[in-house]
Amino acid sequence: MAHVRRQNRTIETGIELQFLSNDDNMNNKNKTTDQKSALSKYFAYVKKNRSDLIKNYGDPHSICHNIIDHPLLENIPECARFLFSESETDDLNYIIASTYALLIGDERRRELSAYFTPPALAKGVIKASAPFLRSKEHPSVLDPACGGGSFLTPITRYLVNKKRDNGIAVEEACRTTLRDIRGVELDPGLAALSQSLLKDMLQRTYAYTCGPKPEIVRCENALSASLSQRYDLVIGNPPYGKVGIGVDRTYLKNAKLANLGGHTNFYSLFLLKSLDWLKPSGGLVFVLPTSFVAGPYFSGLRQEIMSRADVLSIDLHEQRENLFLGAVQDVCVLTLQRRKSGASASNRQHPYKLGLIDATGARIVCGTGIARGDGEPWTLPVAQRAGRSAPHRKSPRKATNHEPCARFRRITSC
Ligand SMILES: C[S@@+](CC[C@H](N)C(=O)[O-])C[C@H]1O[C@@H](n2cnc3c(N)ncnc32)[C@H](O)[C@@H]1O
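In the numbering used here, the protein residues as written are 42 to 455.
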């Protein structure tokens with residue numbers, strides 16, 4: 042990964058992934074004030090007029106399809122007209138998926154944990170997964186809780202572009218890439234929507250029309266799904282929240298030491314299940330709450346992870362508020378590599394890279410942490426938020442690979 046110095050910060054540029062997106066100018070930093078304000082006005086409008094929109098235009102799924110096919114609907118507010126016509130592909134897809142999440146109502150949204158990854162963070166997560174995407178000519182990729190496809194669509198574009206750069210014709214590049222991309226999603230409307238958004242991107246970007254096969258996104262409960270294939274990369278942002286007392290006992294049994302009964306978090310179950318879906322040496326890159334890094338309730342999860350995989354990096358996102366629409370949450374990006382064979386974790390420990398992801402998706406290098414296999418806490422860089430706002434940027438000390446940034450403190454207990 043290449044590095045540049047910008048404002049005294051060491052930032053991984055991800056230069057080799059520049060062709061990841063045709064929309065590279067769409068990060069938060071470059072977004073105009075107009076776009077940001079249009080976005081918040083638009084989301085407020087959808088939330089407030091939910092019942093009327095459904096009465097006038099049909100169910101959430103039909104409304105979102107209408108936006109894909111006819112983005113300039115009549116009788117929509119100016120902010121929506123502006124966003125639908127000015128937004129780049131990944132931004133627009135995020136807007137459409139979030140429209141769906143708002144239209145299904147708060148209760149269903151909470152039940153699904155339908156809080157989608159914004160494009161700038163998705164870009165940072167995909168950069169973290171670059172070694173696994175580059176490791177093979179045809180890497181296979183799974184998002185087990187794919188929502189609106191915030192990872193599936195940009196990864197598909199990246200892989201198609203990579204093949205085209207290697208001289209493969211566009212038709213062949215699209216066809217072979219689709220063979221290896223899969224999503225699972227519990228909600229039928231979202232499963233159909235994410236598949237439509239991906240196909241729409243292929244049509245608009247490459248004039249490639251997909252047939253009904255392959256089915257890219259399966260509508261299924263990932264925790265009970267049996268997938269025959271194994272993947273080079275499992276990427277995602279799984280649901281967070283406790284499983285509750287009514288949960289299927291077999292999910293908990295599979296979690297072994299991470300099983301806390303009804304207090305077990307869904308993301309622990311997704312993580313362990315996803316490790317089983319990886320090929321040996323395959324990579325898992327997940328957006329997760331920071332609680333598992335040092336929390337005492339996650340001691341068993343840390344042991345289970347260490348018995349199956351190596352921790353490569355943990356990157357904290359510096360933004361807690363205004364990252365997810367309608368939710369306040371500390372998150373980090375965890376990158377694991379599945380080991381070739383399982384091993385006892387108790388006396389295992391190894392270093393991993395620490396980083397900080399900023400609002401644009403760029404990664405700031407922050408030294409190393411130690412992953413222990415005995416359940417003891419791991420380390421995380423913590424942004425010293427003044428009044429819970431983003432870390433101040435004046436006079437940062439230069440960070441190296443061996444030393445944490447002065448702006449961060451390391452935590453070794455919860
Ligand atoms: C936090 S959202 C993330 C979606 C998407 N990966 C993203 O990052 O934008 C979690 C998604 O998981 C889906 N989901 C919840 N429970 C699931 C389950 N048991 N199996 C599959 N998908 C599930 C939800 O409908 C929601 O779309």
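We put the beta carbon where it would ideally sit given N, CA and C, even for glycine.
Approximately 6 Å separates the beta-carbon atoms of Cys105 and Thr140; this is inside 8 Å, confirming the contact.
Closest in C-alpha terms to Glu178, from the list Ser332, Val288, Gly208, comes Gly208.
Between Leu325 and Val275, the C-beta gap is smaller than 8 Å, which places the two residues in contact. Under the three-pair Cβ rule at 8 Å, the region 387-396 counts as touching the region 407-424. By the Cβ rule, the region 188-196 counts as touching the region 236-256, because three or more pairs are nearer than 8 Å. Cβ-Cβ separation between Val258 and Glu226: approximately 6 Å, consistent with a contact (criterion under 8 Å). Remark: the shortest separation between the CB of Pro280 and any heavy atom of ligand 1 falls under 7 Å.
The beta-carbon separation of Gly277 and Asp184, rounded to 4 Å, stays under the 8 Å limit for a contact. Of the heavy atoms belonging to ligand 1, at least one sits nearer than 7 Å to the Cβ of Gly277. Taking the Cα of Gly303 as reference, the smallest distance to any Cα among Tyr338, Gln390, Lys82 is reached at Tyr338. For Ile286, the secondary structure class from DSSP, reduced to helix, strand or coil, is coil.
Rounded to the nearest whole angstrom, the C-alpha separation of Gln244 and Arg343 is 43 Å.
Runs of the alpha helix (DSSP H) spanning 4 or more residues and lying entirely within the region 110-135 occur at 119-127, in chain order.
Residue pairing by DSSP places Leu325 opposite Val275, Leu377 in a beta bridge. Partner residues in the beta bridge of Ala368, as assigned by DSSP, are Phe365.
In the structure shown, the three-state DSSP call for Leu183 is strand. For Asp351, the enclosing beta strand (DSSP E) has its first and last residue at 350-358.
Pairing Arg290 with Pro160, the inter-Cα distance amounts to about 36 Å. Nearest Cα to Leu366 within the set Trp318, Thr401, Arg413, Ala155: Ala155.
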